[in-house]
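Enquirer: If you scroll down you'll find the structure; I have some questions about it.
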Amino acid sequence: MLQRMTAAPIHLRDERFMLDPAGAAFWPARRILIAADLQFERPIPGAPRPPAPHDNKATLERLNRLVRLYRPAKVIILGGNLPDRDATSLLAKDERARIEVMAREASFIWVSDKPEATAGLPGVCVSLYREGAFTFRHAAGPQLGPREFEISGYFQPKASIDARAKRVSRPCFVTGANRLMLPAFGTHGGGLDVRDHTISRFFPRGLRVFLLGQDQLFSFALEQLGRMAEVA
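Reminder that position 197 of the sequence shown reads as 197 in the numbering used here, one-by-one numbering, no gaps.
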């Protein structure tokens, strides 16, 4: 049975995290906000700007709303943000300014396999970040230590269910015994179905999906995919 909820509390390694319907996670005990794959896009000269919410400004506004809501001490951004090395030319001046304003409220940590891509942005860029029992990576690693719990992005998971006589596909969180995979926070990611072996192989003991709705999440186990459900 699908469970209707707003921000969904889950417990990972005895720590409580909140999964927000906007597609980010919050760790209250450490005051850490986590988002993945902002997917900034370069404007094409002479071309019209994409309509909201399909642009950088809309992505940053959503992130800013979460910073105001949760008041984090740190913001961890996992990979998949900038398609080239020149972040300062990719973002408009006011877009960079929006990030700088948020960075005055919280320390920004960019977890990326392309550290040069965050040049000119506030905060630090690392290929891997650890906090407590948790390891933050751009993309899921093939093997984990016996007590390691990994939080990652990159694959931009999505799930599809039958709802109101039609097929609905939406981004989702995926969690299992020792991993949490975040959906793309930006609006340009294509996404990969959670049943695809590329994702499911990281969850050999089974996975649970938290599907993003308008203002809430819908939680179900992998075997429930495909069943009829009423999704708002």
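Each residue gets a CB set at the ideal place from its N, CA and C atoms; glycine is no exception.
Taking the C-alpha atoms as reference points, what is the distance between R13 and Q214?
Expert: Translated into positions along the sequence shown, residue 13 becomes position 13. Translated into positions along the sequence shown, residue 214 becomes position 214. Those two C-alpha atoms are separated by around 29 Å.
Enquirer: Could you name the residues that DSSP lists as bridge partners for F220?
Expert: For this step, residue 220 is matched to residue 220 along the sequence shown. In the DSSP output, where bridge partners are listed per residue, F220 has V209.
Enquirer: Would you list the one or two residues that DSSP bridges to L12?
Expert: For the purposes of this step, residue 12 is taken as residue 12 along the sequence shown, with counting starting at 1. DSSP lists E15 as partners of L12.
Enquirer: Does the separation of the CB atoms of A36 and F218 fall below 8 Å?
Expert: The residue you call residue 36 lines up with position 36 of the sequence shown. The residue you call residue 218 lines up with position 218 of the sequence shown. Cβ atoms of A36 and F218: not closer than 8 Å.
Enquirer: Determine the direct distance from the alpha carbon of R147 to that of A133, and round the result to whole angstroms.
Expert: Taking the first residue of the sequence shown as position 1, residue 133 is located at position 133. Taking the first residue of the sequence shown as position 1, residue 147 is located at position 147. A133 and R147: Cα-Cα distance of roughly 7 Å.
Enquirer: Do you know offhand how far K93's Cα is from K166's?
Expert: For the purposes of this step, residue 93 is identified with residue 93 of the sequence shown, where counting begins at 1. For the purposes of this step, residue 166 is identified with residue 166 of the sequence shown, where counting begins at 1. C-alpha separation (whole angstroms): 42 Å.
Enquirer: For D20, which residues in the same chain have their Cβ closer than 6 Å to its Cβ, ignoring the five residues on either side in sequence?
Expert: Counted from its first residue, the sequence shown places residue 20 at position 20. So the qualifying residues of the chain are A7.
Enquirer: Apart from the five residues just before and just after A177, which ones in its own chain have a Cβ nearer than 6 Å to its Cβ?
Expert: Here residue 177 refers to the residue found at position 177 of the sequence shown. Correct list, in chain order: R205.
Enquirer: With which residues is E131 paired in a DSSP beta bridge?
Expert: Sequence index remark: in the sequence shown, residue 131 carries index 131 (1-based). E131 pairs with F134.
Enquirer: By alpha-carbon positions, which one of H11, W110, S152, L180 ends up nearest to I76?
Expert: The residue labelled residue 76 in the question sits at position 76 within the sequence shown. Of the candidates H11, W110, S152, L180, the one whose C-alpha sits nearest the C-alpha of I76 is W110.
Enquirer: Tell me the residue span of the beta strand (DSSP E) that contains V168.
Expert: Against the sequence shown, residue 168 aligns to sequence position 168. Element bounds for V168: 166-175.
Enquirer: Beta-carbon within less than 7 Å of A24's beta-carbon, same chain only, minus the 5 sequence neighbours each way: which residues are those?
Expert: By 1-based counting over the sequence shown, the position of residue 24 is 24. Counting only Cβ-Cβ distances below 7 Å, and skipping sequence neighbours, we find L33, I34, A35, L66, F185.
Enquirer: What is the DSSP secondary structure of D193, counted as helix, strand or coil?
Expert: For the purposes of this step, residue 193 is taken as the residue at position 193 of the sequence shown. Strand.
Enquirer: How would you call E150, buried or exposed, if buried means at least 16 neighbouring beta carbons within 10 angstroms?
Expert: Walking along the sequence shown from the start, residue 150 turns up at place 150. Buried: at least 16 other Cβ atoms inside 10 Å.
Enquirer: Rounded to whole angstroms, what's the CA-CA distance from R130 to L211? Just pull it up for me.
Expert: The residue given as residue 130 occupies position 130 in the sequence shown. The residue given as residue 211 occupies position 211 in the sequence shown. As the crow flies, the alpha-carbon of R130 is around 26 Å from that of L211.
Enquirer: Between the C-alpha atoms of S152 and P183, what's the straight-line distance to the nearest angstrom?
Expert: Indexing the sequence shown from 1 puts residue 152 at position 152. Indexing the sequence shown from 1 puts residue 183 at position 183. For S152 and P183, the distance between alpha carbons rounds to 9 Å.
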